[in-house]
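A.B. asks:
Protein chains in written order, with the working numbering: chain A, 10 to 222; chain B, 10 to 222.
1) Have a look at residue 57 (chain A) and residue 169 (chain B) and give me their C-alpha separation to the nearest angstrom.
2) Is there a Cβ of chain B sitting closer than 8 Å to that of residue 198 (chain A), yes or no?
3) Compute the distance between the beta-carbons of residue 228 (chain B) and residue 111 (chain B), then report whether it is under 8 Å.
4) Are any of the Cβ atoms in chain A nearer than 8 Å to that of residue 168 (chain B)?
5) What does DSSP give as the partner residue(s) for residue 221 (chain B) in the beta ladder?
6) Between the region 157 to 186 of chain A and chain B, which residues of the former have CB atoms less than 9 Å from a CB of the latter, in chain order?
7) Give the residues of chain A in contact with residue 191 (chain B), contact being defined as C-beta atoms less than 8 Å apart.
8) Just tell me which of A:34, A:109, A:83, A:94 has its CA closest to the CA of residue 122 (chain A).
9) Along the chain, where does the alpha helix (DSSP H) containing residue 116 (chain B) start, and where does it finish?
10) Looking at chain A, is there any beta carbon in it that lies within less than 8 Å of the beta carbon of residue 211 (chain B)?
11) In whole angstroms, what separates the C-alpha of residue 72 (chain A) from that of residue 43 (chain A)?
12) Give me, in chain order, the residues of the same chain whose beta-carbon lies closer than 8 Å to that of residue 59 (chain A); leave out the 5 immediate sequence neighbours on both sides.
13) Taking the Cβ atom as the reference point for each residue, do residue 208 (chain A) and residue 186 (chain A) lie within a distance shorter than 8 Å?
14) Check residue 81 (chain A) in the structure and name its three-state DSSP category.
15) What three-state label does DSSP hand residue 167 (chain B) in the structure shown?
16) Out of A:197, A:212, A:40, A:89, which has the shortest C-alpha to C-alpha gap to residue 68 (chain A)?
17) Distance check for residue 100 (chain B) and residue 151 (chain B), CA to CA, integer angstroms please.
18) Grab the span of the alpha helix (DSSP H) containing residue 196 (chain B) for me, first residue to last.
19) Which of helix, strand or coil does DSSP assign to residue 138 (chain B)?
20) At the level of alpha carbons, what is the spacing between residue 64 (chain B) and residue 188 (chain A)?
21) Between which two residues does the alpha helix (DSSP H) containing residue 75 (chain A) stretch?
22) Assuming residue 126 (chain A) contacts residue 213 (chain A) under a Cβ cut-off of 8 Å, what Cβ separation, rounded to an integer in Å, is found between them?
23) So is residue 156 (chain A) buried or exposed if we call it buried at 16+ other beta carbons inside 10 Å?
24) Do the CB positions of residue 98 (chain B) and residue 153 (chain B) come within less than 8 Å of each other?
25) Could you name the residues of the same chain whose beta carbon sits closer than 6 Å to that of residue 182 (chain A), not counting the 5 residues immediately before and after it, in chain order?
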């Protein structure tokens, strides 16, 4: 549900709109703080169990103030997914633009994705429900995710065409790579001895050894 | 929360206990049906959003009857995780007992895990929250998961010791394999053209090519 329905919220939003606009960088930083708090609450209590009140309270923010940045709980969930995908899409674009071999591009992509997930996105959207998204938002997320998947497949295909990689199904290979990387938050222990550098290195070594002639 | 608190439920449970016990096979089959309904509801509505009433209703079962099989919602979540892990643990034990090379064992383990996840466990516990489990249940699930992980690492180590696999960190390699396999439900389209056989084959080929000398 994205339609506002509570009177309390409408009042809060009117009040928020009346507030003086902040500068763009500060707004963007606050949005990211809110997304991290939202993702944490969604993971702990489930999307349906978490309330906007709790998400705001964890940031010592008033609920009405939060509605200045996001118009509904579903909007927050969508933004959580979008934020992670935007970061991954940017990483892919950066890697694609480098004048290096497909193998080096793929290695940099795996390194970058492991760092993103462990050092920046840990606690954002990877494990959150897609089911709770509105149909429009779900389509947008799936379309962006598909673009990312296609970019990874293109790197794999390029490597095979050049004869650097063995023949193989790029679709399934890309799912092996993305699955391995996306699953990291499930076993990673932030208090443990493994560093994100070490994981990135080991993952890239294993996954590239399976492609190389 | 595992402590029963509602008067309605206590009555239902008393009634359930008074019922004539069913035979073991029928009881086990009903438990699995309930687990599948529970996992589906948990995934769709979140653990906190789903109710035991909804889980029972989807099976045209009375809530009181469900409490004959599971004593609380948290008990259902625990049983969902336990059921998936029990099947994977059994698969590992079967593979370990075969008089074949570590490479063949690992190939059979990947094949078996892909089939389990796609053909039998699809819709069970892989993506469900661990956070909602009670401390005792969480410890039990983590202990069983660790045993499974250790079994996979032992196969990798055995292959390296025999000189079949290249040197490498068995812990990270096992996480690559398990992540790739566990992530499948996130992209698999049951109405699509990929079969579980094809996925199992392609995943095993890629993941074993990365190990072989």
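The C-beta atom is built at its ideal place from N, Cα and C for all residues, glycine as well.
Just so we're clear, the structure is a prediction, and the values are computed from it rather than from any experiment.
C.D. replies: On the basis of the coordinates in this document:
1) The residue labelled residue 57 (chain A) in the question sits at position 48 within the first chain. The residue labelled residue 169 (chain B) in the question sits at position 160 within the second chain. C-alpha separation (whole angstroms): 47 Å.
2) For the purposes of this step, residue 198 (chain A) is identified with residue 189 of the first chain, where counting begins at 1. Not an interface residue.
3) The question about residue 228 (chain B) has no answer here: the residues shown for chain B are numbered 10 through 222.
4) By 1-based counting over the second chain, the position of residue 168 (chain B) is 159. Closer than 8 Å: no.
5) Stepping through the second chain from its first residue, residue 221 (chain B) is reached at position 212. The bridge partners DSSP lists for residue 221 (chain B) are B:174.
6) Cβ contacts with chain B come from 158, 175, 177, 178, 180, 181, 182, 184, 185, 186.
7) Within the second chain, the letter at position 182 stands for residue 191 (chain B). By Cβ distance, chain A contributes 188, 192, 195.
8) Sequence index remark: in the first chain, residue 122 (chain A) carries index 113 (1-based). Answer by Cα proximity: A:94.
9) Counting from 1 along the second chain, the entry for residue 116 (chain B) is found at position 107. First-last of the alpha helix (DSSP H) with residue 116 (chain B): 111 to 124.
10) Sequence index remark: in the second chain, residue 211 (chain B) carries index 202 (1-based). For residue 211 (chain B), at least one C-beta of chain A is nearer than 8 Å to its own C-beta.
11) The residue given as residue 72 (chain A) occupies position 63 in the first chain. The residue given as residue 43 (chain A) occupies position 34 in the first chain. If I take the Cα positions, the gap works out to 11 Å.
12) In the first chain, the residue the question calls residue 59 (chain A) occupies position 50. Result list for residue 59 (chain A): 47, 50, 51, 53, 82, in chain order.
13) Within the first chain, the letter at position 199 stands for residue 208 (chain A). Within the first chain, the letter at position 177 stands for residue 186 (chain A). Residue 186 (chain A) sits away from residue 208 (chain A), with the two beta carbons spaced by 8 Å or more.
14) Taking the first chain and counting its residues from 1, the one referred to as residue 81 (chain A) is at position 72. Correct three-state label for residue 81 (chain A): coil.
15) The residue labelled residue 167 (chain B) in the question sits at position 158 within the second chain. Here residue 167 (chain B) carries a helix assignment [DSSP, helix/strand/coil].
16) Translated into the one-based positions of the first chain, residue 68 (chain A) becomes position 59. Measuring from the Cα of residue 68 (chain A), the nearest candidate turns out to be A:40.
17) For the purposes of this step, residue 151 (chain B) is identified with residue 142 of the second chain, where counting begins at 1. For the purposes of this step, residue 100 (chain B) is identified with residue 91 of the second chain, where counting begins at 1. Cα to Cα, residue 151 (chain B) sits roughly 18 Å from residue 100 (chain B).
18) On the second chain, position 187 is the one that residue 196 (chain B) refers to. Per DSSP, the unbroken alpha helix (DSSP H) holding residue 196 (chain B) starts and ends at 193 to 196.
19) On the second chain, residue 138 (chain B) is found 129 positions in, with the first residue counted as 1. Under the three-state reduction of DSSP, residue 138 (chain B) is assigned to coil, being neither helix nor strand.
20) Residue mapping note: residue 64 (chain B) aligns to position 55 of the second chain, counting from 1. Residue mapping note: residue 188 (chain A) aligns to position 179 of the first chain, counting from 1. Straight-line Cα distance between these residues: approximately 30 Å.
21) By 1-based counting over the first chain, the position of residue 75 (chain A) is 66. It spans 72 to 75 - the alpha helix (DSSP H) in which residue 75 (chain A) sits, taken as one unbroken run.
22) As a working mapping, residue 126 (chain A) is identified with position 117 in the first chain. As a working mapping, residue 213 (chain A) is identified with position 204 in the first chain. Their Cβ separation, rounded to whole angstroms, is 14 Å, which puts residue 126 (chain A) and residue 213 (chain A) out of contact at 8 Å.
23) Stepping through the first chain from its first residue, residue 156 (chain A) is reached at position 147. Taking all protein chains in view, the Cβ of residue 156 (chain A) is surrounded by fewer than 16 other Cβ atoms within 10 Å, so the residue is classified as exposed.
24) By one-based count along the second chain, residue 98 (chain B) stands at place 89. By one-based count along the second chain, residue 153 (chain B) stands at place 144. Using a Cβ distance threshold of 8 Å, residue 98 (chain B) and residue 153 (chain B) count as a contacting pair.
25) To locate residue 182 (chain A), count along the first chain from 1; it is residue 173. Sequence-distant partners of residue 182 (chain A) (beyond 5 residues in either direction) whose C-beta falls short of 6 Å from its own C-beta, in its chain, are 165.
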